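Colleague: I am attaching a structure below and will ask some questions about it afterwards.
Residue numbers (the UniProt record's numbering): 1 to 111.
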């Protein structure tokens, strides 16, 4: 299954990325980075860590929505899923990330 990492520029000038499935579904999004190169390093970290099941932290928001955070080996958050309806949806999103991440292209749409 293919997807695309979209490297984007935020309104404040920072860089961010998101992984979008071939069906247009946002799988994960990153925090902001000051430099484009740092955001690209974040993409590389997602590729590296997404296949390790122990890197996922499942959470429930105060509004009762489910989501996950993908963490690096050092415990720092790399990317977060959108808010989802159930823990089953979280598992499906994790599975989709694992299927998509290794072959996903990178599109720099920040230019």
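Note that CB positions come from ideal geometry on N, CA and C, so glycine has one too. Keep in mind the model is a prediction, meaning the values are calculated, not measured.
1. May I ask you to report which of helix, strand or coil DSSP gives residue 89?
2. Cβ atoms of residue 50 and residue 96: under 8 Å apart, would you say?
3. By the three-class DSSP mapping on this structure, what secondary structure does residue 100 have?
4. Provide the residue(s) that pair with residue 76 in DSSP beta bridges, ordered along the chain.
5. How many angstroms separate the CA atom of residue 14 from the CA atom of residue 48?
6. If I'm right that residue 30 touches residue 79 with Cβ under 8 Å, what's the distance once you round it to whole angstroms?
Modeller: So, from the data block:
1. helix
2. no
3. helix
4. Looking at the DSSP assignment, residue 76 forms no beta bridge with any residue, so it has no partner.
5. 23 Å
6. 5 Å
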